[in-house]
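**Student:** Here's a structure for you.
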Amino acid sequence: MKIVDILKKKRSQTVASIDQGKTVADAVVQLNARGLGALLVVDGEERVAGIFTERDVIRALNHAPWEEVAGTVVSAFMTRNVECVAPHTEALEALAKMENRGCRHMPVLDQDAGKVVGVVSIRDLRSAALDHLKYERDAMQEVLTATGVSVYVPPRD
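Structure below.
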């Protein structure tokens, strides 16, 4: 399964982003309102400058109390040098990149168009992998049943 297939199944096709000059408080409000774990941080020309995640909020609060952190620009605490993945990358390859970098969100960059077309999360990849495994299990069960082989399938919870 490719990243582009996962993006097609996501509930929202819009890329959640915030300008690098906005405050941490602005980012937290947006994360909470949209039920997200990450926002792409963009510069004035809409280029990716970084990513701001829930982990960045925690890291910021480790440095100073909320009253000080809230008014600080997100670029002060965002993760820089963001690893991107192409739309036609295999999901397992993207998952390996995330594991190696220790990140839970990765922008999807369409280099031909020169823009970010989405963000995938570990949750997205896990869900896609489970769907694929269920599909393979069901297909194998059909083949075995058609050939007269009986298979015990434990009840689903």
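The opening position of the sequence shown corresponds to residue 0 in numbering that gives the first Met the number 0, with each subsequent residue numbered one higher. The C-beta atom is built at its ideal place from N, Cα and C for all residues, glycine as well. Predicted, not measured: the structure shown is a model, and the values here were computed from it.
Measuring only the C-alpha atoms, how far is His131 from Asp25?
**Tutor:** Sequence index remark: in the sequence shown, residue 131 carries index 132 (1-based). Sequence index remark: in the sequence shown, residue 25 carries index 26 (1-based). So the alpha carbons of these two residues sit roughly 37 Å apart.
**Student:** Enumerate, from N- to C-terminal direction, the unbroken alpha helix (DSSP H) stretches of 4 or more residues contained entirely within the segment 4–54.
**Tutor:** List check, alpha helix (DSSP H) in window: 23–33.
**Student:** Measuring alpha carbon to alpha carbon, tell me which of Tyr151, Leu143 and Val72 ends up nearest Val41.
**Tutor:** The sequence position of residue 41 within the sequence shown is 42, counting from 1. Looking at the Cα atoms, Val72 is the closest of the given residues.
**Student:** Measure from the alpha carbon of Arg54 to the alpha carbon of each residue in Val84, Leu30, Leu108 and Pro154, then state which is nearest.
**Tutor:** Start at 1 with the first residue of the sequence shown, and residue 54 comes out as number 55. Cα-wise, what sits closest to Arg54 is Leu30.
**Student:** Evaluate Asp4 with the Cβ neighbour count: other Cβ atoms within 10 Å of its Cβ, from every protein chain shown; 16 or more gives buried, anything less gives exposed.
**Tutor:** Within the sequence shown, numbered from 1, the residue matching residue 4 stands at position 5. It is exposed - the Cβ of Asp4 has fewer than 16 other Cβ atoms within 10 Å.
**Student:** Does DSSP classify His131 as helix, strand or coil?
**Tutor:** Looking up residue 131 in the sequence shown gives position 132. DSSP places His131 in helix when its eight states are reduced to three.
**Student:** Thinking just about the alpha-carbon of each residue, which of Val148, Thr88, Gly117 and Ala127 is nearest to the one in Val14?
**Tutor:** Counting from one through the sequence shown, the residue named residue 14 turns up at place 15. Taking only the C-alpha atoms, the option nearest Val14 is Gly117.
**Student:** Short check: CB of Ala2 to CB of Ala128, under 7 Å?
**Tutor:** Against the sequence shown, residue 2 aligns to sequence position 3. Against the sequence shown, residue 128 aligns to sequence position 129. Here the sequence assigns Ile to residue 2, which means Ala is not the residue at that position. No; because the gap between Cβ atoms is not below 7 Å, this pair is not in contact.
**Student:** Which of the three DSSP states, helix, strand or coil, is assigned to Thr146?
**Tutor:** The residue labelled residue 146 in the question sits at position 147 within the sequence shown. Coil.
**Student:** Using the rule of at least 16 other Cβ atoms within 10 Å of the residue's Cβ for burial, across every protein chain shown, is Lys21 buried or exposed?
**Tutor:** Counting from one through the sequence shown, the residue named residue 21 turns up at place 22. The residue in question, Lys21, is buried, as its Cβ has 16 or more Cβ neighbours within 10 Å.
**Student:** In this structure, does DSSP put Asp137 in helix, strand or coil?
**Tutor:** Counted from its first residue, the sequence shown places residue 137 at position 138. The answer is helix: DSSP assigns Asp137 an H, G or I state.
**Student:** Kindly indicate the opening and closing residues of the alpha helix (DSSP H) around Lys96.
**Tutor:** Within the sequence shown, the letter at position 97 stands for residue 96. Here the alpha helix (DSSP H) through Lys96 covers Ala90 to Arg100.
**Student:** Please say whether Ile50 and Ala32 have beta carbons closer to each other than 7 Å?
**Tutor:** Counted from its first residue, the sequence shown places residue 32 at position 33. Counted from its first residue, the sequence shown places residue 50 at position 51. Cβ atoms of Ala32 and Ile50: not closer than 7 Å.
**Student:** I'd like to check one pair, Val107 with Val84: are the Cβ atoms closer than 7 Å?
**Tutor:** By 1-based counting over the sequence shown, the position of residue 84 is 85. By 1-based counting over the sequence shown, the position of residue 107 is 108. A contact, by the Cβ cut-off of 7 Å.
**Student:** I'd like the list of long-range same chain contacts for Val27, defined as Cβ closer than 7 Å, with 5 residues on each side in sequence excluded.
**Tutor:** Numbered from its first residue, the sequence shown carries residue 27 at position 28. Excluding sequence neighbours, Val27 sits near Val56.
**Student:** Indicate the three-state DSSP secondary structure (helix, strand or coil) for His104 in the structure shown.
**Tutor:** Taking the sequence shown and counting its residues from 1, one reaches residue 104 at position 105. Here His104 sits in strand by DSSP.
**Student:** Thinking just about the alpha-carbon of each residue, which of Ala63, Leu60, His62 and Arg122 is nearest to the one in Leu35?
**Tutor:** For the purposes of this step, residue 35 is taken as residue 36 along the sequence shown, with counting starting at 1. It is Arg122.
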